[in-house]
Amino acid sequence: MQSVKHFLANESRAQKLMDQIKPHRLSVAPMMDWTDRHCRYLHRLMSARTLLYTEMITAPALVRGGATHLLDYDQSEHPVAVQLGGSDPAELAQAAVICAQHGYDEINLNVGCPSDRVQSGCFGAVLMERPQLVADCVRAMIDAQPVEVTVKCRIGVDDQDPELVLPDFLRRIADAGVTRVAIHARKAWLQGLSPKENRDIPPLDYGLVHRMKAAFPELDILLNGGVESLDQAVEALEAGLDGVMIGRAAYHTPSDILLDADQRIYGAATAPKTPHQVVTDMQSYVEAHLISGGKLGQITRHMLGLFAGRPGARQWRRHLSENAHRPGAGYDVVAQALALVPETDLRQTG
0 MQSVKHFLAN ESRAQKLMDQ IKPHRLSVAP MMDWTDRHCR YLHRLMSART LLYTEMITAP
60 ALVRGGATHL LDYDQSEHPV AVQLGGSDPA ELAQAAVICA QHGYDEINLN VGCPSDRVQS
120 GCFGAVLMER PQLVADCVRA MIDAQPVEVT VKCRIGVDDQ DPELVLPDFL RRIADAGVTR
180 VAIHARKAWL QGLSPKENRD IPPLDYGLVH RMKAAFPELD ILLNGGVESL DQAVEALEAG
240 LDGVMIGRAA YHTPSDILLD ADQRIYGAAT APKTPHQVVT DMQSYVEAHL ISGGKLGQIT
300 RHMLGLFAGR PGARQWRRHL SENAHRPGAG YDVVAQALAL VPETDLRQTG
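Using numbering that gives the first Met the number 0, the first residue of the sequence shown is number 0, and each one after it goes up by one.
Dropping the structure here:
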């Protein structure tokens, strides 16, 4: 009996320790057209603790357009954060109140997106040129409601010198009450590069992000940009950063990033799921979505990369791509695709 009590006590201490580990140690970046509620539900099945983000939602859409349906999510998605876009402090404060009322765990301000649409609306990466306005925005959001407000930014834009502008930017938002910021370790070139090119062409400067952590120890600083594996994430955490935000790799190869995340990032003792288990666990969600009038392809488009690098991956993608959008397509299409994949978690190389 004593050994059982000892085991339970140790397990309880381990659980308490894991509960103290902040979700933002690993997060899936907000990505337009990708991290919708179906994607987030899938990702939550793969990792119980990774912080998930919505796509960017503009403050005007919520405040002036009444588009609160954009905030819909499944309760199982917690911890889940909403990302807002905007540049009007009063409007962002109103939007933050709406988000808080919907129960989000964090409200993030986008100061990193380089698309033409956000530039014309004076928000996203163009706000790197207006640090005091950003500070005014986050202060208004913080004062208006109780949920934590964070920022996602670039290291600079166009001809700015990141070594000069980034410390000033961080100081201003910290003085306004922000305690956590995710830094995409690239400049955004608002003139001359497309949004897609801005994700790859400007060189990464991880060293600058680490220097910002040393200069602002009171800030939780997350690294974003170019991280493609859990090994890289662990390396960044061990080097002293407070978190890592992964974008495209988490979407295109989710099994490689998320299935082992709870164990490697958060210290969970539970065994990770296999991709087959995740697909099976999606069945009730898929069927409920179809009953409500949804289409199978709205969900399966996020599942195409589940077996990336594993035997049968091509057959899985092909079957879903060719059949999920057919009239009346149901979970049986997913089951048929799954039957084409050997039930093994061995990864292929090359």
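Glycine is no exception: its CB is placed at the ideal position from the N, C-alpha and C atoms.
DSSP lists 153, 223 as the bridge partner or partners of residue 183. Annotation: the segment 84-131 contains the following complete segments of the beta strand (DSSP E) (minimum length 3 residues), in chain order: 105-110. A distance below 7 Å separates the beta carbons of residue 124 and residue 153. A check of alpha carbon separations from residue 326 across 312, 295, 178 identifies 295 as the nearest. Ranked by how close their Cα comes to the Cα of residue 130, the residues 24, 109, 145, 237 have 109 in first place.
In this chain, the alpha helix (DSSP H) harbouring residue 229 covers 229-237. Here DSSP, grouped into helix, strand and coil, assigns residue 66 to coil.
In the DSSP annotation of this structure, residue 75 is not part of any alpha helix (DSSP H), being labelled neither H nor E. Secondary structure note for residue 243: it is in no alpha helix (DSSP H), and the uninterrupted beta strand (DSSP E) holding it is 242-245. In this model, residue 303 and residue 174 are separated by some 43 Å (Cα to Cα). Taking C-beta atoms under 8 Å as the contact rule, residue 226 and residue 243 qualify, at a distance of about 6 Å. In the structure shown, residue 320 falls within a helical segment according to DSSP collapsed to helix, strand and coil. Secondary structure note for residue 53: its beta strand (DSSP E) is the uninterrupted segment 50-57. Collapsing the DSSP output to three states places residue 27 in a strand. In the pairwise beta carbon analysis, the segment 19-28 is classified as touching the segment 264-275: at least three pairs are separated by under 8 Å. With a minimum length of 4 residues, the unbroken runs of alpha helix (DSSP H) contained wholly in the segment 278-336 fall at 282-290, 296-299, 312-322. For residue 164, the secondary structure class from DSSP, reduced to helix, strand or coil, is helix. If you ignore the 5 residues before and after residue 126, its C-beta comes within less than 7 Å of the C-beta of 86, 110, 132, 133, all in its own chain and listed in chain order.
Our two residues, residue 306 and residue 170, have alpha carbons roughly 43 Å apart in a direct line. Straight-line measurement puts the Cα of residue 51 at about 28 Å from the Cα of residue 317. Taking 7 Å as the cut-off, the Cβ atoms of residue 95 and residue 47 do not count as close. Spatial neighbours of residue 341 in its own chain (CB-CB distance under 7 Å, excluding positions within 5 residues in sequence) are listed in chain order as 310, 311. The C-beta distance from residue 182 to residue 222 rounds to 7 Å, short enough to meet the 8 Å contact threshold.
When DSSP assignments are scanned along the segment 249-277, the uninterrupted stretches of alpha helix (DSSP H) that are 4 or more residues long and fall wholly within it turn out to be 253-257, 260-263. One thing to note: residue 177 has its Cβ no nearer than 7 Å to the Cβ of residue 156.
Between residue 298 and the set 333, 57, 269, 314, the nearest pair of CA atoms involves 333.
Boundaries of the alpha helix (DSSP H) harbouring residue 206: 205-214, taken from the DSSP string.
A buried status is given to residue 232, since no fewer than 16 other beta-carbon atoms sit within 10 Å of its beta-carbon. By the neighbour-count definition (other C-beta atoms within 10 Å, threshold 16), residue 66 is an exposed residue.
Relative to the Cα of residue 57, the nearest Cα in the group 40, 39, 31 belongs to 31. Each of 40, 98, 248, 206 was checked against the Cα of residue 229, and the nearest Cα belongs to 248. When DSSP states are grouped into helix, strand and coil, residue 133 belongs to the helix group. Per the coordinates, the alpha-carbon of residue 211 lies some 7 Å from the alpha-carbon of residue 166. The Cβ atoms of residue 277 and residue 44 sit closer than 7 Å to each other. Straight through space, the alpha carbons of residue 70 and residue 251 are spaced by roughly 24 Å.
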